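The structure appears right after this line, and notes come after that.
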Amino acid sequence: MGEGPQAAQLVALKVMRLARPKFSEISSFPMDPVDPTGFPRKIEAALCKRDGEKRHDVPIGEYLMAPQMFENIYLGETFTFYVNCVNESDQKVTDVSVKCDLQTNSQRVTLPSNIHDAVLEARTCSGQVISHEVKEIGQHILICSVNYKTLSDEKMYFRKFFKFPVGKPFDVKTKFYNAENSDVFLEAQIENTATVAMVLERVELEPSSSYSVANISSWFVST
Numbered sequence: 001m002g003e004g005p006q007a008a009q010l011v012a013l014k015v016m017r018l019a020r021p022k023f024s025e026i027s028s029f030p031m032d033p034v035d036p037t038g039f040p041r042k043i044e045a046a047l048c049k050r051d052g053e054k055r056h057d058v059p060i061g062e063y064l065m066a067p068q069m070f071e072n073i074y075l076g077e078t079f080t081f082y083v084n085c086v087n088e089s090d091q092k093v094t095d096v097s098v099k100c101d102l103q104t105n106s107q108r109v110t111l112p113s114n115i116h117d118a119v120l121e122a123r124t125c126s127g128q129v130i131s132h133e134v135k136e137i138g139q140h141i142l143i144c145s146v147n148y149k150t151l152s153d154e155k156m157y158f159r160k161f162f163k164f165p166v167g168k169p170f171d172v173k174t175k176f177y178n179a180e181n182s183d184v185f186l187e188a189q190i191e192n193t194a195t196v197a198m199v200l201e202r203v204e205l206e207p208s209s210s211y212s213v214a215n216i217s218s219w220f221v222s223t
């Protein structure tokens with residue numbers, strides 16, 4: 001026998017990744033500030049009136065813009081997202097609990113959640129921000145499970161899945177050179193394999209117990 005139709009859910013779950021905003025990009029207008037005709041200034045004034053910017057001689061505007069799409073996530077990055085549990089019905093629900101798991105290629109990690117046994121009045125919501133440091137590359141699945149009870153004491157349950165890949169931001173290639181005095185020279189080539197520019201704050205070599213390392217940058221003194 002087939003299963004009967006499932007009851008409609010009273011609660012909805014909304015998940016949004018949080019990312020830093022960026023300065024909006026604008027079409028810069030090169031102009032001569034000492035042009036005696038004043039024509040470039042008039043064009044710039046018209047552009048500023050259209051988009052609200054104060055100047056158009058630089059390609060970056062003064063306003064911040066929220067991310068418009070799910071951007072790439074790279075190894076070592078902190079994945080931060082907002083989980084919002086919304087009661088879309090006209091009745092109160094109780095014992096609302098949200099569980100979030102992150103499934104990788106090798107393990108399943110339970111993320112901390114503060115929504116436990118909550119009570120949601122009609123048309124209200126409860127949410128929290130969750131952060132997790134990504135330590136594996138490959139496909140990731142965010143699994144969000146919701147449990148709650150209706151006024152008739154009926155237990156309700158549903159899950160949502162969100163898939164996203166984690167990429168490798170850098171590729172490191174090494175070469176070893178053996179000198180006649182038994183010194184070992186290591187050359188490291190760091191390649192940015194991401195689709196965006198990266199800023200290296202620090203690059204360090206951590207040798208094993210049998211070796212010592214000297215940074216050759218300290219050998220050069222600027223004059």
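Per the UniProt record's numbering, the very first residue in the sequence shown carries number 1; after that it's consecutive.
All C-beta atoms in this analysis are idealised placements derived from N, C-alpha and C, irrespective of residue type, glycine included.
These figures come from a predicted structure and were not determined experimentally.
Practice task
Could you check what DSSP says for I115 in three-state terms: helix, strand or coil?
Solution key: The residue labelled residue 115 in the question sits at position 115 within the sequence shown. The answer is coil: DSSP assigns I115 none of H, G, I, E or B.
Practice task
Answer yes or no: the CB of T37 versus the heavy atoms of the ligand NAD, is any distance below 7 Å?
Solution key: Annotation note on the ligand NAD: not contained in the displayed structure, which lists no ligands.
Practice task
Determine the burial state of H116: buried for a count of at least 16 other Cβ atoms within 10 Å of its Cβ, exposed for fewer.
Solution key: On the sequence shown, position 116 is the one that residue 116 refers to. Label assigned to H116: exposed.
Problem - C-alpha gap between Y157 and M65, whole angstroms - result: Within the sequence shown, numbered from 1, the residue matching residue 157 stands at position 157. Within the sequence shown, numbered from 1, the residue matching residue 65 stands at position 65. Those two C-alpha atoms are separated by around 36 Å.
Practice task
Taking only the alpha-carbon atoms, compute the straight-line gap between A19 and V203 and give it to the nearest angstrom.
Solution key: In the sequence shown, counting from the first residue as 1, residue 19 sits at position 19. In the sequence shown, counting from the first residue as 1, residue 203 sits at position 203. Straight-line Cα distance between these residues: approximately 25 Å.
Exercise for the section: Report the three-state DSSP secondary structure of I43 (helix, strand or coil). Expected result: Numbered from its first residue, the sequence shown carries residue 43 at position 43. I43 falls in the helix class under three-state DSSP.
Practice task
Check D90 in the structure and name its three-state DSSP category.
Solution key: Counted from its first residue, the sequence shown places residue 90 at position 90. The answer is coil: DSSP assigns D90 none of H, G, I, E or B.
Problem - Nearest to M16 (by Cα), restricted to the options I60, S113, G127 and D90 - result: Within the sequence shown, the letter at position 16 stands for residue 16. With distances taken between Cα atoms, M16 lies closest to G127.
Problem - Helix, strand or coil at D51 according to DSSP, with G and I counted as helix - result: Within the sequence shown, the letter at position 51 stands for residue 51. Helix at D51.
Practice task
Spell out the partners DSSP gives R123 in its beta bridges.
Solution key: Taking the sequence shown and counting its residues from 1, one reaches residue 123 at position 123. Bridge partners of R123: none, in fact.
Handout entry: Residue closest to E191, alpha-carbon to alpha-carbon, out of N181, A46, V129 and P169
Key = By one-based count along the sequence shown, residue 191 stands at place 191. Checking every option, the nearest Cα to that of E191 belongs to P169.
Exercise for the section: May I ask you to report which of helix, strand or coil DSSP gives N147? Expected result: Stepping through the sequence shown from its first residue, residue 147 is reached at position 147. In the structure shown, N147 sits in a strand (DSSP, three-state: E or B).
Problem - Whole-angstrom distance between E44 and V166, CA atom to CA atom - result: On the sequence shown, position 166 is the one that residue 166 refers to. On the sequence shown, position 44 is the one that residue 44 refers to. If you take the alpha carbons of V166 and E44, they lie about 42 Å apart.
Practice task
Tell me, please, whether the segment 129-137 touches the segment 103-119 by the rule of three or more beta-carbon pairs shorter than 8 Å.
Solution key: yes
Practice task
Confirm, please, whether the CB-CB distance from L13 to C144 is below 8 Å.
Solution key: The residue labelled residue 144 in the question sits at position 144 within the sequence shown. The residue labelled residue 13 in the question sits at position 13 within the sequence shown. Yes. Within cutoff.
Handout entry: Sheet register partners of L142 (DSSP bridge)
Key = As a first step, residue 142 must be located in the sequence shown, where it is residue number 142. Partner(s): L102 and F162.
Practice task
Please name the residue, chosen from L10, N147 and F23, that lies closest to N87 on a Cα-to-Cα basis.
Solution key: As a working mapping, residue 87 is identified with position 87 in the sequence shown. Nearest option by C-alpha distance: L10.
Exercise for the section: Please report how far the alpha carbon of R123 lies from the alpha carbon of Q91, in whole angstroms. Expected result: As a working note, residue 123 is residue 123 in the sequence shown. As a working note, residue 91 is residue 91 in the sequence shown. Computed Cα separation, rounded: 8 Å.
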